[in-house]
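All remarks here apply to the structure that follows.
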Amino acid sequence: MTNKVYVIGVGMTKFEKPGRRKNDDGSDWDYPDMARESGTKALADAGIDYRRVEQGYVGYVYGESTSGQRALYGLGMTGIPVVNVNNNCSTGSTALFLAAQAIRGGLADCTIALGFEKMKPGSLASTYDDRAQPMDKHIMAMAALRDFAMPAAPWMFATAGLEHMREYGSTPEHFAKIGYKNHQHSVNNPYAQFQDAYTLAEILEAKTISEPLTKLQCSPTSDGSGAAILASERFVDENDLAARAVEIVGQSMVTDFESTFDGSAKALIGHHMNVAAAQQVYDQSGLGPQDFGVIELHDCFSANELLLYEALGLCGDGEAAKLIDNDDTTYGGRWVVNPSGGLISKGHPLGATGLAQCSEITWQLRGDADKRQVPGLSAALQHNIGLGGAAVVTAYQRADR
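First residue of the sequence shown: 1, per UniProt numbering; consecutive thereafter.
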């Protein structure tokens with residue numbers, strides 16, 4: 001028997017262009033400042049003191065060893081175990097997965113998952129060039145399908161988008177409509193890096209990053225942090241927190257299969273991981289795609305969001321374009337996908353992304369999402385992926401349901 005897991009507090013910083021924000025004294029806004037802000041907000045939201053937290057899991061991709069301790073020490077130094085987490089773009093959700101697992105397994109009653117990133121401007125680059133790159137096999141396999149081009153990340157996802165166009169007849173306009181939707185959504189998100197709306201023509205005519213993707217369909221580099229406080233049912237009951245608690249009713253982390261290298265571009269960007277993680281969560285929760293009113297998913301590029309409609313089971317293979325044409329993934333449709341603006345417009349500080357998704361979903365399920373609020377919401381789904389690779393899918397439900 002496993003214990004129930006609840007989100008009792010969330011917090012995040014506004015996501016910012018790297019290096020833009022300064023502290024009040026004029027110093028650089030560094031990762032300890034980000035972590036202190038998001039963690040303090042999450043603790044205040046939960047209404048508990050940091051001394052109640054029994055374990056900490058801190059995610060970041062770019063940073064030195066034990067940066068997780070340095071990040072949490074701004075909240076308190078209480079001797080608890082602190083685990084540093086790095087799982088590429090799924091780092092934040094992996095920290096969430098581990099913090100939940102400790103409660104689910106009865107090892108703790110209250111944990112914190114925190115993620116941050118202090119990024120350099122421009123496209124992502126490797127840090128160590130004197131050893132094997134973790135994604136070398138993925139990139140070589142993708143290069144067999146389409147000539148290699150830099151930057152590598154948009155090239156990989158764009159290649160999968162072109163594959164979908166050839167196989168199913170989707171068009172560049174379908175990808176652009178996703179960018180259009182997510183920028184529209186972020187107008188109402190004060191935490192988003194971008195809060196500007198664009199016309200569809202502006203999305204299509206922006207600078208091409210990797211055909212068919214333009215700049216306004218690609219997630220930016222970002223600075224920022226997010227945090228979540230998790231608790232057991234006993235902790236929730238003893239502290240009278242049920243009214244604002246959100247239950248994690250299903251959660252799965254899946255890494256690459258041999259089928260990742262089946263010769264398709266969509267497999268190389270995580271299709272089989274995404275399908276398996278989602279199905280495991282549906283089986284655990286007893287819920288299906290039709291039950292989730294809000295879905296926060298990993299739209300690092302618009303092509304990935306389109307492919308995820310199919311991988312998560314919102315529609316059949318080749319049918320994602322129909323959802324877009326029918327406005328099924330925005331307000332008034334069957335789902336509201338990325339009401340936060342998603343990675344494309346909210347921003348993508350790698351270690352923080354999964355915790356920002358958790359924050360948005362918690363606010364939505366509580367009815368605290370202000371102008372972004374989706375009415376009548378009882379369940380929501382989160383998807384986060386890092387290539388090379390790990391997909392994390394989490395299902396949430398209001399505790400009173």
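All C-beta atoms in this analysis are idealised placements derived from N, C-alpha and C, irrespective of residue type, glycine included.
Bear in mind the structure is a predicted one, so any value in this text is a computation, not a measurement.
My output table needs one value for Asn384: the three-state DSSP class, helix, strand or coil. Note: Asn384 maps to strand in three-state DSSP.
Measuring alpha carbon to alpha carbon, tell me which of Gly288, Gly318, Asn274 ends up nearest Leu297. When each option's Cα is compared against that of Leu297, the closest is Asn274.
Contact check, Ala95 vs Gln55, beta carbons under 8 Å: At a Cβ-Cβ threshold of 8 Å, Ala95 and Gln55 do not count as neighbours.
May I have the straight-line CA-CA distance separating Ala141 from Gly263, to the nearest angstrom? Rounded to whole angstroms, Ala141 and Gly263 show a C-alpha spacing of 7 Å.
Around the Cβ of Glu310, are there at least 16 other Cβ atoms within 10 angstroms (buried) or fewer (exposed)? Buried: at least 16 other Cβ atoms inside 10 Å.
Thinking C-beta only, is Ser222 closer than 8 Å to Gly347? In this structure, Ser222 lies closer than 8 Å to Gly347 by Cβ.
Glu247 beta carbon less than 8 Å from that of Tyr60: Not in contact: Tyr60 and Glu247 (Cβ atoms no closer than 8 Å).
Report the option in Arg166, Asp45, Tyr191, His272 whose CA atom is closest to the CA atom of Lys17. Nearest neighbour of Lys17 by Cα position, chosen from Arg166, Asp45, Tyr191, His272, turns out to be Tyr191.
Could you give the DSSP three-state label for Asn274: helix, strand or coil? DSSP, read as helix, strand or coil, puts Asn274 in helix.
For Lys41, which of Leu365, Ile229, Pro154 has the nearest alpha-carbon? Of the candidates Leu365, Ile229, Pro154, the one whose C-alpha sits nearest the C-alpha of Lys41 is Ile229.
Would you give the residue range spanned by the beta strand (DSSP E) that Asn84 belongs to? Per DSSP, Asn84 belongs to the beta strand (DSSP E) from 82-85.
So what does Leu114 bridge to, in DSSP terms? DSSP, once it has assigned bridges, lists Val58, Ala227 as partnering Leu114.
The beta strand (DSSP E) that contains Arg398, what's its start and end? 390-398 is the span of the beta strand (DSSP E), which, as asked, contains Arg398.
Between the alpha carbons of Cys110 and Val85, how many angstroms are there, rounded? Whole-angstrom Cα-Cα distance: 18 Å.
By how many angstroms is the C-alpha of Gly342 removed from the C-alpha of Arg21? Each residue's Cα considered, the two are about 21 Å apart.
On the DSSP letters alone, give me the boundaries of the alpha helix (DSSP H) that Tyr168 sits inside. Under the DSSP assignment, Tyr168 falls in the alpha helix (DSSP H) whose first and last residues are 152-168.
My output table needs one value for Leu145: the three-state DSSP class, helix, strand or coil. Correct three-state label for Leu145: coil.
Just checking, does the region 157-177 make contact with the region 316-327 on the three C-beta pairs under 8 Å criterion? Contact holds: three or more Cβ-Cβ distances are below 8 Å.
Considering only heavy atoms of the ligand FAD, does any lie closer than 7 Å to the CB of Ala95? Here there are no bound small molecules, and the ligand FAD is not part of this structure.
Glu64 to Asp325 span [Cα, whole Å]: So the two alpha carbons sit approximately 45 Å from each other.
Selected residue, minimal CA-CA separation from Leu200, among Ala158, Thr214, Phe148, Leu355: Nearest in C-alpha terms to Leu200, of all of Ala158, Thr214, Phe148, Leu355, is Thr214.
Would you mind giving the Cβ-Cβ distance between Pro212 and Phe175, rounded to the nearest angstrom? I have them listed as a contact below 8 Å. Yes, they are in contact, since the Cβ atoms of Pro212 and Phe175 sit about 6 Å apart, within 8 Å.
Taking only runs of the alpha helix (DSSP H) that begin and end inside the region 19-74, which ones reach a length of at least 4 residues, in chain order? As for any alpha helix (DSSP H) of minimum length 4 sitting wholly inside the region 19-74, the runs are 31-46, 67-72, ordered along the chain.
What does DSSP give as the partner residues of Glu319 in its beta bridges? DSSP output for Glu319 lists no bridge partner at all.
Going by the CB atoms, is the gap between Val249 and Ala276 shorter than 8 Å? For the 8 Å CB-CB criterion, Ala276 and Val249 do not form a contact.
Could you tell me the alpha carbon to alpha carbon distance between Arg166 and Ala149, rounded to whole angstroms? Roughly 20 Å between the two C-alpha positions.
Validate contact between the region 379-394 and the region 107-121 using beta carbons, cut 8 Å, 3 pairs: Judged by Cβ distances under 8 Å, the region 379-394 makes no contact with the region 107-121, as fewer than three pairs qualify.
Span separating the alpha-carbon of Gln69 from that of Leu107: Near 20 Å, if we compare the C-alpha coordinates of Leu107 and Gln69.
Closest to Ala391 by C-alpha separation, out of Gln251, Thr208, Arg366, would be which residue? Closest by alpha carbon: Gln251.
Look at the alpha carbon of Lys137 and the alpha carbon of Ala267, and state the distance between them as a whole number of angstroms. Cα to Cα, the separation comes out at about 13 Å.
Taking C-beta to C-beta, are Pro289 and Gly313 nearer than 8 Å? In terms of Cβ geometry, Pro289 and Gly313 form a close pair [threshold 8 Å].
Output the boundary residues of the alpha helix (DSSP H) element that contains Val187. For Val187, no alpha helix (DSSP H) run applies, since DSSP gives it neither H nor E.
So who's on the other strand from Met253, going by DSSP bridges? Its beta-bridge partners are Val392.
Out of Met12, Gln184, Leu98, state which residue places its alpha-carbon closest to the alpha-carbon of Lys371. In terms of Cα proximity to Lys371, the closest of Met12, Gln184, Leu98 is Gln184.
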